[in-house]
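K.L.:
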Amino acid sequence: MSRLTHVDLRVPFLHKMLKNPVMPASGCFSFGEEMRQFYDLNLLGAIVVKATTLDERQGNPTPRIAETPAGMLNAIGLQNPGVQAVLAHELPRLKDFRTLPVIVNVAGTAIEDYVEVVKALNSSEVVSMLELNISCPNVKCGGIQFGTDPMMASEMVKAIKAVSHFPVIVKLSPNVTDIVSMALAVEEAGADAISLINTLIGMQIDLEKRRPLLANGIGGLSGPAVKPVAVRMVYEVSQKVHVPVIGIGGIRTGEDAIEFLMAGASAVQVGTANFTDPYACPTIIEQMEAWCKEHGVAKVEQLIGAAWRK
Amino acid sequence: MSRLTHVDLRVPFLHKMLKNPVMPASGCFSFGEEMRQFYDLNLLGAIVVKATTLDERQGNPTPRIAETPAGMLNAIGLQNPGVQAVLAHELPRLKDFRTLPVIVNVAGTAIEDYVEVVKALNSSEVVSMLELNISCPNVKCGGIQFGTDPMMASEMVKAIKAVSHFPVIVKLSPNVTDIVSMALAVEEAGADAISLINTLIGMQIDLEKRRPLLANGIGGLSGPAVKPVAVRMVYEVSQKVHVPVIGIGGIRTGEDAIEFLMAGASAVQVGTANFTDPYACPTIIEQMEAWCKEHGVAKVEQLIGAAWRK
Amino acid sequence: MSLVKVLSQRPIADQLFSITIESPSDLRKGYEPGQFLHFRITDSFDFTLRRPLSICKVDLKKRQITVVYRASGEGTRRLSRLLPGEQVDVIGPLGHGFPMHDEDQHAILIGGGIGVPPMVELGRQLRNRQMKITSVVGFASKRQAILLDELAEFGDVIVLSQDGSIGEEGLVTDALTEALCADASRFYACGPTPMLKAVKETMQIHNVPGYLSLEERMGCGIGICVGCVHPIERDQKVTNRKTCKEGPVFLAQEVVFS
Amino acid sequence: MSLVKVLSQRPIADQLFSITIESPSDLRKGYEPGQFLHFRITDSFDFTLRRPLSICKVDLKKRQITVVYRASGEGTRRLSRLLPGEQVDVIGPLGHGFPMHDEDQHAILIGGGIGVPPMVELGRQLRNRQMKITSVVGFASKRQAILLDELAEFGDVIVLSQDGSIGEEGLVTDALTEALCADASRFYACGPTPMLKAVKETMQIHNVPGYLSLEERMGCGIGICVGCVHPIERDQKVTNRKTCKEGPVFLAQEVVFS
Ligand SMILES: Cc1cc2nc3c(=O)[nH]c(=O)nc-3n(C[C@H](O)[C@H](O)[C@H](O)COP(=O)(O)OP(=O)(O)OC[C@H]3O[C@@H](n4cnc5c(N)ncnc54)[C@H](O)[C@@H]3O)c2cc1C
Ligand SMILES: Cc1cc2nc3c(=O)[nH]c(=O)nc-3n(C[C@H](O)[C@H](O)[C@H](O)COP(=O)(O)OP(=O)(O)OC[C@H]3O[C@@H](n4cnc5c(N)ncnc54)[C@H](O)[C@@H]3O)c2cc1C
Ligand SMILES: Cc1cc2nc3c(=O)[nH]c(=O)nc-3n(C[C@H](O)[C@H](O)[C@H](O)COP(=O)(O)O)c2cc1C
Ligand SMILES: Cc1cc2nc3c(=O)[nH]c(=O)nc-3n(C[C@H](O)[C@H](O)[C@H](O)COP(=O)(O)O)c2cc1C
Ligand code: FES
Ligand code: FES
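Top to bottom, those sequences are chains A, B, C and D.
Residue numbering for the first sequence follows this note's numbering, starting at 324 and increasing by one per position.
Residue numbering for the second sequence follows this note's numbering, starting at 324 and increasing by one per position.
Residue numbering for the third sequence follows this note's numbering, starting at 104 and increasing by one per position.
Residue numbering for the fourth sequence follows this note's numbering, starting at 104 and increasing by one per position.
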């Protein structure tokens, strides 16, 4: 194969053309302010901000973080300043990045909360898509329920689609028996895209204290450890639904990102790797480009679903 | 805390006293013949042999094995010589290990297969317990179904309990929305113990070939990567059921084993670590003993459930 | 990636190491004592998270930073095997360090165990401001005692140990007497959480204002994960604030302990 | 754990390394050319599985084994950074190697790429049995050519390369001519699966019996995981047999290719 000198990294996604398929995962980028010190955010394919709820939340007690083999656990518990503060203080700062879609991750406890958040966001000129977080394992009541029951997920998505001015991406939980049913349910309910996976539910015990290390007990497992589970789910779901799928879970290198594209993802999100290395996203983009050059792939879009069983 | 000079590693398990809580996990020890070259099997708490089906099975095509971050994928597909060959050739060789409970892992496709295998094993003088594998992700029809539906699991367990001369341990799949419901269902159906977890379903893509690396497509994820998921499930299940729980998933050191005991496991199984190091089981036993000495734990049994929320 | 070179590394006490590296950023743009560096241990899957370690000494001219740490777990043990000439991925200095007040006359530096290192750079900067400095440092035992000579350059050093093997037997709070505090205009403390809580209470009684450097488990270290928060009270409202970005140093009176 | 010392390691061609280690077991109890060692790369979580590498040379007196390998992926690349004096966890020799037949007159050793190394120890042992030896070895290009001098000690060496940069341009099967085979009583082959398949077919035509050393991904390497199987036909029945324990060497006529 001849080495290429130029690679087209663009991918179409919900009527937009993304510069490249790489975006940060929600909760691993805050609202972008801190990352600006490390690189030009215009390098990204899109921006995805932290879960936003109706009211301010203080989250869980600490410790909230633990390291695990090839991964980590977190139990942040959706700490965020609430949608009004996000609209007033956080989103306006992203105006400089006009060329990038800004995706707001929406969370809550009951359907009504979610609906209120979406209504509030409708007024924003910065937002271009929503990502519905029905899969956060770290809030006790509600939240995860929607993510594990196809009927409830469907109800939620319908309610949001009825009010949202923006396309709605639904982020699914991997902690289910049948991920394809969940995906089909939310697609049927009107989801414009599906992102998966959120974290697996895990726990670590502090041997000295003889109790769970995280104050919250359980937490969400992320990082390279979960990549095989995520790739499998993307592979299965992307062949069954007609909407685009965003692949998430353990991406740390350009090759990891390409693995997700081949599995059927139209774009990818990078979470935990931002903690390991704040330069993770731009590095992954460079590595994808290098891989494509070496392998004679002129357009990265050609790789989407390349590994599907035909 | 004073350093102890002697630690009692014994744990009671289904009317037996195990020398220590460490046994190999099914499929990661074959029938014991190979491991005898590495250490004296009498060091173990119990022996657990490979999944045995009614008829001989050739399993899946290769590649069957892939390495993942802190883990591995396998898609063996239950290759085994069938129960008659196991009775005739494999089990008799374990007669030398009279002091150890020998646990046979039973697998199949339909309930009738399982029942036939159990009836055949009833005649064995070597076997002392059965482990019902209703959770293998690598056989296409049946198998996994029983492991993900509480009603079917219950039906299966009842059918086996009706014929088995041995206590029945039921091994659960982690690929479910609600592990506690599964556990309660099999306990209610008569399971004498519960072991968890079997492998998570995962996939790896071969970037050069642009298709799933394993010939079978999907495979079972095991190794340290899955430990947080396993610990969480053991912690949740052991507090809800009244039967003992065997903890499995990513155990590589004595501290890992102790983590599972604290989470509520009465014993542990070691799988993938046997591949990383054939001496894994005896090393883990030594490390557990050393840890107990250092921490003033006179009886390892005292650690079971130490991390439960009281 | 931001790789810098390891210049030297040596053990200085039981399981305690001092490592000097090229500074990962231009220190002339400013840095504060109490800020920390965030070390990526290796690029192996073994270490998903970086390890935060406080600045202990800075050599502005040579653009070198020294960090002193205890090899307690897997990450720091691995770090202690780095050799001079090897490269290590470090970001920082990060966070907000100890504010210094030119009007102060006498500052008490309080360090417990691996909370002692940041006191060295702080002491040096306060000394440059002609302040009187008393250091009160506590260790588990003599074998863990570190940086005493360095602190002695700035003023009196009161040493305590839990087993009495060095200095007085006791905790740092035992040395925070009314006599000592009567003369003090500010305190700075870094150490384990129970120590910080006790110090805060003691100094409240003696009516000395000061700062605590908090230790929370960190995800990112740069303010994006919201993992490292501590409850902080401002204007009668308690909010969970990021210790990596708004801290690790906070006004003692603002820090809420449970 | 079974740790042995690395005695030497050096690059011998593009991305190809030769490493000599203390033998992990007493070789005087017997070993066979074609057996392999199973290397644990490091105790990091990065490497759950060991890496199988064939015995290339044995020094019985010094109890040393040399292995020649290509640093192709993460594991072998990491292995190539081991320095003399460091320790490495190795088990083996494992599996069944190449059976030797005293009645043979002339053996053809066929190696492709990293299938060449086991031919060296095999050649040495066959030469000790006074056999005539012809080696036929193929490489992608000259930069990957290895062990030619070693093989030349045992007899003629026919070299091929895919790009013609060394020896003849072509594949090993191009050199397995009727003329060569007419004189041969046995062949031994190791290399990538497509090569083995082609060799089997060619030698069947020329009616020379022989052995193939198979390469499958391994879990345990010791016969417990059933990960490494290959379909083998015996008594008209095809069964998946463990290449790590019953192989990696099988009678060519028994090996089923899809
Ligand atoms: C702002 C700040 C400054 C620090 N400065 C120093 C210093 O100058 N010298 C020094 O010796 N130590 C310092 N520490 C503590 C140091 O970060 C931990 O000892 C270290 O992270 C432990 O890593 P490990 O790999 O050895 O332990 P492991 O137990 O393997 O670590 C597992 C995880 O827990 C975290 N963790 C474990 N213990 C602590 C702890 N005490 N505090 C925070 N996170 C922890 C680790 O960072 C890692 O994410 C500081 C901590 C903070 C928050
Ligand atoms: C019996 C036997 C003997 C061998 N002898 C030699 C030898 O003498 N010299 C030599 O250079 N190579 C030899 N190989 C191939 C060698 O084992 C692989 O190149 C090596 O395992 C690749 O590891 P990696 O970490 O570099 O690659 P990675 O791609 O990182 O490995 C990932 C996983 O795939 C497995 N894997 C990848 N490629 C292969 C392969 N070609 N064969 C088997 N498993 C593979 C690895 O073992 C590991 O489990 C032999 C293989 C077998 C089965
Ligand atoms: C610290 C942390 C916070 C997270 N917060 C959110 C969140 O607010 N909303 C959300 O949908 N997902 C959240 N996630 C999940 C990630 O977006 C992502 O789905 C998951 O971590 C898997 O990807 P990774 O392995 O690349 O981290 C969070 C993950 C981490 C580690
Ligand atoms: C190669 C391989 C084969 C396995 N075969 C079986 C099996 O036959 N029956 C079974 O119940 N579990 C089987 N398992 C699952 C293990 O017993 C264990 O539940 C799982 O691997 C998690 O433990 P670990 O992380 O310690 O490996 C197998 C696992 C592996 C890796
Ligand atoms: S460590 Fe991530 S916000 Fe502080
Ligand atoms: S590699 Fe495990 S049986 Fe061969």
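Cβ coordinates follow ideal geometry from the N, Cα and C atoms, glycine included.
(1) By Cβ distance below 7 Å, which residues in the same chain neighbour Q381 (chain B) in space, the five residues on each side in sequence not counted?
(2) Of all the options A:V409, A:E510, A:T576 and A:L584, which has the alpha carbon lying nearest to the alpha carbon of W631 (chain A)?
(3) Are any of the Cβ atoms in chain D nearer than 7 Å to that of F148 (chain C)?
(4) Taking CB distances under 7 Å as the criterion, tell me whether M395 (chain A) reaches chain C.
(5) Determine the chain A residues that contact M321 (chain C) at a beta-carbon separation under 9 Å, and present them in chain order.
(6) Using beta carbons (cut-off 7 Å, strictly below), is I399 (chain B) in contact with chain D?
(7) Between the Cα of A389 (chain B) and those of B:N498, B:T376, B:L453 and B:L536, spot the shortest distance and give me the residue it belongs to.
(8) By the criterion of Cβ-Cβ separation under 7 Å, what are the contact partners of C293 (chain C) in chain A?
(9) Along the region 593-626 of chain A, where does the CB come closer than 7 Å to a CB of chain B? Name the residues.
(10) Could one say the Cβ of T385 (chain A) lies closer than 7 Å to chain C's Cβ atoms, at least one of them?
(11) Can you find a C-beta in chain A that's less than 7 Å from the C-beta of V329 (chain C)?
(12) Give me the Cα-Cα distance between I144 (chain D) and E435 (chain A), rounded to the nearest whole angstrom.
(13) Consider the Cβ of T276 (chain C): report whether some Cβ of chain A lies at a distance smaller than 7 Å.
(14) In chain order, what residues of the same chain lie with their CB nearer than 6 Å to the CB of P344 (chain B), ignoring the 5 residues before and after it?
(15) Is K345 (chain D) near ligand 6, in the sense that its beta carbon is under 6 Å from a heavy atom of that ligand?
(16) Using the rule of at least 16 other Cβ atoms within 10 Å of the residue's Cβ for burial, across every protein chain shown, is V359 (chain C) buried or exposed?
(17) Per the contact definition of three or more C-beta pairs closer than 8 Å, is the region 605-614 of chain B in contact with the region 329-348 of chain D?
(18) Is I541 (chain B) close to chain F, meaning its C-beta is less than 7 Å from at least one C-beta of that chain?
(19) Is the beta carbon of C331 (chain C) within less than 6 Å of some heavy atom of ligand 5?
(20) So that I know if they touch, is there some Cβ in chain B lying closer than 7 Å to that of I124 (chain D)?
(21) Which partner residues does V568 (chain B) have in the DSSP bridge list?
(22) Where does L327 (chain A) sit, in a helix, a strand or coil, going by DSSP?
(23) According to DSSP, is F489 (chain B) part of a helix, a strand, or is it coil?
(24) Is the closest heavy atom of ligand 5 to the C-beta of C351 (chain A) under 6 Å?
(25) Going by C-alpha distance, which of C:N231, C:T151, C:L186 and C:M306 is nearest A282 (chain C)?
(26) Got a sec? Which residues, its chain only, sit under 8 Å from F468 (chain B) by beta carbon, not counting five neighbours each side?
(27) Chain A partners of L523 (chain B), CB-CB under 7 Å?
(28) Please tell me whether F139 (chain D) and G198 (chain D) are closer than 7 Å, where the distance is taken between their beta carbons.
(29) Judging by CA-CA distance, which residue of A:N456, A:I581 and A:D331 is the nearest neighbour of I483 (chain A)?
(30) Does the distance from the C-beta atom of G259 (chain C) to that of H209 (chain C) stay below 7 Å?
(31) Please tell me whether L152 (chain C) has its Cβ less than 7 Å away from any Cβ of chain A.
(32) Measure the alpha-carbon distance for G267 (chain D) versus V620 (chain A) and round it to whole angstroms.
(33) Tell me whether S175 (chain C), by its Cβ, gets closer than 6 Å to a heavy atom of ligand 1.
(34) Is M321 (chain D) near ligand 6 - that is, is its Cβ less than 6 Å away from at least one heavy atom of it?
(35) For T179 (chain D), which option in D:H141, D:L130, D:G214 and D:C293 has the closest C-alpha, if you only look at C-alpha atoms?
(36) Consider the Cβ of I144 (chain C): report whether some Cβ of chain A lies at a distance smaller than 7 Å.
P.N.:
So, from the listed chains and residues:
(1) Q402
(2) A:L584
(3) yes
(4) yes
(5) I388 and F598
(6) yes
(7) B:L536
(8) By Cβ distance, chain A contributes nothing, its closest Cβ being about 18 Å from C293 (chain C), past 7 Å.
(9) none
(10) yes
(11) yes
(12) 54 Å
(13) no
(14) V334, G368, A590 and V591
(15) yes
(16) exposed
(17) no
(18) Here chain F cannot be found, since the structure's protein chains are A, B, C and D.
(19) yes
(20) no
(21) B:I517
(22) coil
(23) coil
(24) no
(25) C:M306
(26) Here residue 468 (chain B) turns out to be Gln, not Phe, going by the sequence shown. Once the five neighbours on either side are set aside, the close Cβ partners of Q468 (chain B) are M475.
(27) V552
(28) yes
(29) A:N456
(30) Note on identity: in this sequence residue 259 (chain C) is Asp, with Gly being the wrong assignment. Going by C-beta atoms, D259 (chain C) is not nearer than 7 Å to H209 (chain C).
(31) yes
(32) 28 Å
(33) yes
(34) yes
(35) D:H141
(36) no
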